[in-house]
Amino acid sequence: MIKWVIYSVMLLLIATTFCASAEYPMTITDSAGREVTIQMPVERIIVMNSDAAEAVTVLGAADRIVGISDSVKNKAYYFPALKSKQNVGKWNEPDYEMIGEIARSGDKIVPNIIVISYTYPDKPYGIIEVAKKLEPFTGITAIGLDFYKPENMTREIEILGRILGKEAEAQRFIEWYEEKQADVENAVSGKNVPKVYVEWSSKGGELTTMGTGSGAAQLVSMARGYSIAKDLKDAYPKVGWEWVISKNPDVIIKRSTSTALGWERPPSTDSVNLETTLNELLGRSGAQSVNAVKNRKVYVVNWEIMAGLDDVVGLTYLAKILHPEVNLDPESVYREYLQFLGVKYPEDKIFVYPEI
Amino acid sequence: MSTASEVTSLKEEYTRFVGRKLLFMAAVSLCIIIVAGVSATLGSANLSVWEVYSAILARAFPGHFQTTWFAETIVWGLRLHRILMGIVVGAGLGIAGAVMQGILKNPLASPFTLGISSAASFGAALAIILGAGFAGGEYLIIGNTFVFTLLATFAVYGLAKYKGVTPETMILAGIAIMYFFSAMTSFLQYVGRAEQVQEVVFWMMGSLGRSSWEKVYASTIMILICLPYIILKSWDINAIGAGDETAASLGVNVERTRVISMTFASLITASVICFTGTIGFIGLVAPHMTRMIIGGDHRFLIPGSALMGALILLAADTLARTILAPVILPVGIMTSFLGVPFFVYLFLKRRKEFW
Amino acid sequence: MVKITINNVSFSYGSSVILNDLNIVVEDSEILGLVGPNGSGKTTLIKCIDRILKPNGSIFLDGRDLSSMSRGEIAREIGYVPQSGSGAMGTTVFETILMGRRPHISWRVSERDLDIVSDVIELLHLEDLAMREFGQLSGGQRQKVLIARALAQEPSVLLLDEPTSNLDMKHQLEVMEIIREMVQKKNISAVMAVHDLNLAARFVDKLAILKNGRIWAAGEASSLLTAEIIREVYGVEAVVMQLERPFVIPIRSLNGGVACD
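See below:
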């Protein structure tokens, strides 16, 4: 019996070593369309944004992260394990010296380290520019991956799975992700389509909604809603309150300006903030003539769950808001997602206010 | 007899006066070298002073100094060009500010007040938000900034030309241009997406983070092309400071000198801020500080302002990239933090009437 | 010898005629005083002679038409003292006067330039002010410095635009004496706009009375400054006492009101 175990473990080891040596150097095409060659198994990862940190964590490779940007540090509630990792500066102006310092051992860099950044073509913090800055540090591989676009999610996760040698985990997550999407799709199919107004921001009395191409617009349509901003070209078009009234939405989704909402403060403070946010909207002149206000269908939503790998959680919440009668349990979807991240579900926290 | 010695003593006094100016410039140059020397040793990479200097000297005297690949990469690949960029950009802004204040006889003249920086910002915003411009790819912002900076200069000149090119008309035209481009930039920011607007704001704060050896060379060459004329015309700028008519009576072609100097000052501004974003404050304050210390003779004021600008920007950037490392602060914030107390000190200490 | 010949000179800003067909000559080592009421064209004429303004007609300097000379050439011959000078930001008196050497030097200041500036400073007794800021000086001191700057130009003609207008009695006399002395010592000619008829009568060799852009009369001060002429040119009733030179005492303005200007 013990022999068998030893044999199988040895076999497994040989198999993995064999696989590894067979695959490297490995060439992948990143989201910027760059051909990137990875010399050897990736042991160390520097993540330049929280979406990348989330993806790496979901695939179970958080222990390989050796450097994080400030935006990851600021989301300690999602990444308790990364809190102590070395900061490499602001996500849009990293300290390249620090990256070099992390990467080197003595006078050389073992080429088992990658830097994951957004693609953002032509931007000074886009992958092209980052790769150029890292060029002198032979051995550091820069990879551009965008984990914020729902339509690319599967592809990005698959690429990352290959890079990290976590194909199985990637597959498992993708299956779960697609299953939850399918659940929503099935639950809402055939339902009537309410008109939805998504408010990104009302800072300074200036209303911003989410138009074509934005993640939220896609989620609304997947949840079988009709976004009144659907025909507006920009991703974040500015609109007037009068225009919103004239469109007479059946549901209003308001982004909570605090991304940490529901995570860092005790629920009591949250509900005060949420009440204030909600009342500001309800108190706008002419608000009472809008269907959504009349029927009490105005919700403040924590945006953490509306973008990134966890947008499927947001989608489920959205479906429940638009169609309260459907048999979906957003909280349990969130619980499952947080298991991927290895984070405990924060009991009694508010993600959608008022409660559905 | 006594008169002869009086004359000699006056000459001596003036010679000493000039000597003090040269001494000041030598002192500032020394400070620049020291700050640059210290700056080269500071950074997140864990290199000793010896490692840093070995890496520097190994290129100068190959064979005599041993360096490591990592030290070489950090020092030559990341630190030195940023240090030189700080010196070149600071010097350029100092020169441009001194020239503009001189030919416009206005202590508030600077690339900012003349609409040049706001035109540059508009060029950058156009590139960032609409992706439109005069060049492609990574050169889009650089090209736009450069072109719009010059456009603003010609617009200021064109407007002023109608009423005669006097300091008043140029400053008023500059203010009009500034508001025009600011409004255009605000409009672009209004239609832009949040992250684009953020990038525009970031660009407008200025940063040396985008420096490279090529950019150092490009800016240096542009400044070296523009500088001889300005230095040669120092006397004329001095004369203009005494009044347009006085300058004319001293044989200065006032309008031509003003227009050409202005164009060169704008060219210098354009060729540095297109790589760094709008770094404010230095163009305004470096000439003032220098004037407070060595006086208003442009033969010394212009090179002095260049050195002063270089010193302030270099020191500010050194602090900006080390004080909260690995977080790199926008250098514009540090120039103000560092420059304002110094400026206020000089302002309070030297009560002389300079303008 | 004739130094400056002004020939049919006219000047207008747009449609308003400032100078109308002026003809006058200035001899070597002579001070020509320009007098006349405000707006009669005194300052404009001075600027035309320095070609800061470009008039119709011609002005000859030593027989050369000024319009054929370059700015630099003119600057080496003609020194101009403005009515009031603002100093450039942060310049000392020495530097302000050194600026007068601008027409003669390319960039480098030679020993000779420094000698000339030092001499001029000594001549005008400005030694104690030499290293002070120009902007800190009093009106009288500034005026002397501006004259010193013009002298440092080593001109053969000095143009002065009301050099005494903002000065007290003592400084008025001092400045006028300096000008008189320099004209004699350096053998140069001067054209000077003056408001004060008594100062003019005392210090100039020849007087030109301007009214409405024309030369109303020109000649010796003693023959021109009469009660009739003052009434006609200024519209002022005055008593003129003819002592060793004329003294003008204004009594009252003729079109109502009391003489006070």
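Listed in order, the protein sequences are those of chains D, Y and F.
This note's numbering applies: residue 5 is where the first sequence begins, and numbers increase by one.
This note's numbering applies: residue 797 is where the second sequence begins, and numbers increase by one.
This note's numbering applies: residue 423 is where the third sequence begins, and numbers increase by one.
Even glycine gets a Cβ: it sits at the ideal position worked out from N, Cα and C.
Under the three-state reduction of DSSP, which class applies to residue i: helix, strand or coil?
| i | result |
| --- | --- |
| residue 501(F) | strand |
| residue 1149(Y) | Bear in mind that a pLDDT of 45 at residue 1149(Y), under 50, signals an unreliable position, so the model cannot answer this. |
| residue 36(D) | coil |
| residue 949(Y) | helix |
| residue 982(Y) | helix |
| residue 108(D) | strand |
| residue 551(F) | helix |
| residue 633(F) | strand |
| residue 212(D) | strand |
| residue 363(D) | The structure shown has nothing for residue 363(D), since chain D only spans 5 to 360. |
| residue 882(Y) | helix |
| residue 48(D) | strand |
| residue 1133(Y) | helix |
| residue 942(Y) | helix |
| residue 28(D) | coil |
| residue 350(D) | coil |
On the premise that residue j lies in contact with residue i, defined as a C-beta separation below 8 angstroms, what is that separation, rounded to the nearest angstrom?
| i | j | result |
| --- | --- | --- |
| residue 1177(Y) | residue 1086(Y) | Because chain Y here runs from 797 to 1151, residue 1177(Y) falls outside it and cannot be looked at. |
| residue 903(Y) | residue 1002(Y) | The pair is not a contact, with the Cβ atoms about 23 angstroms apart (cut-off 8 angstroms). |
| residue 525(F) | residue 1047(Y) | 4 angstroms |
| residue 226(D) | residue 319(D) | 6 angstroms |
| residue 1118(Y) | residue 819(Y) | With 8 angstroms as the limit, residue 1118(Y) and residue 819(Y) do not qualify as a contact, their Cβ atoms being about 30 angstroms apart. |
| residue 120(D) | residue 147(D) | 5 angstroms |
| residue 921(Y) | residue 907(Y) | With 8 angstroms as the limit, residue 921(Y) and residue 907(Y) do not qualify as a contact, their Cβ atoms being about 17 angstroms apart. |
| residue 899(Y) | residue 1052(Y) | That belief does not hold up - the Cβ atoms of residue 899(Y) and residue 1052(Y) are roughly 11 angstroms apart, past 8 angstroms. |
In the DSSP assignment, find the unbroken alpha helix (DSSP H) run with residue i in it and report its ends.
| i | result |
| --- | --- |
| residue 85(D) | Run containing residue 85(D): none; DSSP gives neither H nor E here. |
| residue 321(D) | 315-326 |
| residue 364(F) | Chain F is shown only over 423 to 683; residue 364(F) falls outside these bounds and no answer can be derived. |
| residue 1072(Y) | 1050-1072 |
| residue 875(Y) | That residue, residue 875(Y), is in no alpha helix (DSSP H); it is neither H nor E in DSSP. |
| residue 335(D) | 334-345 |
| residue 466(F) | 464-471 |
| residue 525(F) | Counting along the chain, residue 525(F) falls outside any alpha helix (DSSP H), and DSSP gives it neither H nor E. |
| residue 1034(Y) | 1030-1037 |
| residue 607(F) | 591-607 |
| residue 171(D) | 171-192 |
What I want to know is whether the C-beta of residue i ends up closer than 6 angstroms to one or more non-hydrogen atoms of the ligand MG.
| i | result |
| --- | --- |
| residue 866(Y) | This structure lacks the ligand MG, and indeed carries no ligand of any kind. |
Would you kindly report the start and end of the unbroken beta strand (DSSP E) that includes residue i?
| i | result |
| --- | --- |
| residue 687(F) | With chain F running from 423 to 683 in the structure shown, residue 687(F) is simply not present. |
| residue 558(F) | Taken as a continuous stretch (DSSP letters only), residue 558(F) belongs to no beta strand (DSSP E), as it is neither H nor E. |
| residue 624(F) | Taken as a continuous stretch (DSSP letters only), residue 624(F) belongs to no beta strand (DSSP E), being part of the alpha helix (DSSP H) at 619-625. |
| residue 576(F) | Element bounds for residue 576(F): n/a, residue is neither H nor E. |
| residue 426(F) | 424-435 |
| residue 611(F) | 611-615 |
| residue 1115(Y) | Here residue 1115(Y) belongs to no beta strand (DSSP E); instead the alpha helix (DSSP H) covers 1094-1118. |
Cβ contact check for the stretch 633-648 of chain F and the stretch 469-479 of chain F: 3 or more pairs under 8 angstroms:
no
When you compare the stretch 1131-1139 of chain Y with the stretch 1108-1116 of chain Y, are there three or more beta-carbon pairs, one atom per stretch, that lie closer than 8 angstroms?
yes
Would you list, in chain order, the members of the stretch 816-850 of chain Y that have their beta-carbon closer than 8 angstroms to a beta-carbon of chain D?
839, 840, 841, 842
For the pair the stretch 869-889 of chain Y and the stretch 911-921 of chain Y, tell me if three or more CB-CB distances fall below 8 angstroms.
no
Check each residue of the stretch 1098-1127 of chain Y: if its Cβ is closer than 9 angstroms to any Cβ of chain F, include it; give the result in chain order.
none
Using a Cβ-Cβ cut-off of less than 7 angstroms, list which residues of the stretch 84-97 of chain D approach chain Y; keep chain order.
91, 92, 93, 94, 96, 97
If the cut-off is 7 angstroms on Cβ atoms, which residues from the stretch 942-974 of chain Y count as contacting chain F, listed in chain order?
none
Identify each residue in the stretch 208-231 of chain D for which the Cβ-Cβ distance to at least one residue of chain Y is less than 7 angstroms, and report them in chain order.
none
Along the stretch 1029-1063 of chain Y, where does the CB come closer than 9 angstroms to a CB of chain F? Name the residues.
1030, 1031, 1032, 1033, 1034, 1035, 1036, 1037, 1038, 1039, 1040, 1041, 1042, 1043, 1044, 1045, 1046, 1047, 1048, 1049
Contact residues within the stretch 134-154 of chain D, judged by C-beta distance below 9 angstroms to chain Y:
136, 137, 139, 140, 141, 142
Interface positions of the stretch 860-872 of chain Y facing chain D (Cβ-Cβ less than 7 angstroms), listed along the chain
864, 865, 866, 869, 870
Determine which residues of the stretch 868-899 of chain Y have a Cβ less than 7 angstroms from any Cβ of chain D, and write them out in chain order.
869, 870, 873, 874
When Cβ atoms are compared, which residues of the stretch 990-1005 of chain Y fall closer than 7 angstroms to chain D?
990, 995, 998, 1003, 1005
Should the stretch 330-349 of chain D be called in touch with the stretch 67-87 of chain D, which here means at least 3 C-beta pairs below 8 angstroms?
yes
What residues from the stretch 36-57 of chain D come within 8 angstroms of chain Y, judged by C-beta to C-beta, listed N to C?
none
Which residues, taken in chain order from the stretch 232-247 of chain D, show a beta carbon closer than 8 angstroms to some beta carbon of chain Y?
238, 239, 240, 242
Closer than 8 angstroms between beta carbons: that is the criterion. Which residues of the stretch 1081-1093 of chain Y meet it against chain F?
1087, 1088, 1091, 1092, 1093
Hey, is the stretch 159-166 of chain D in contact with the stretch 25-34 of chain D, meaning 3+ C-beta pairs nearer than 8 angstroms?
yes
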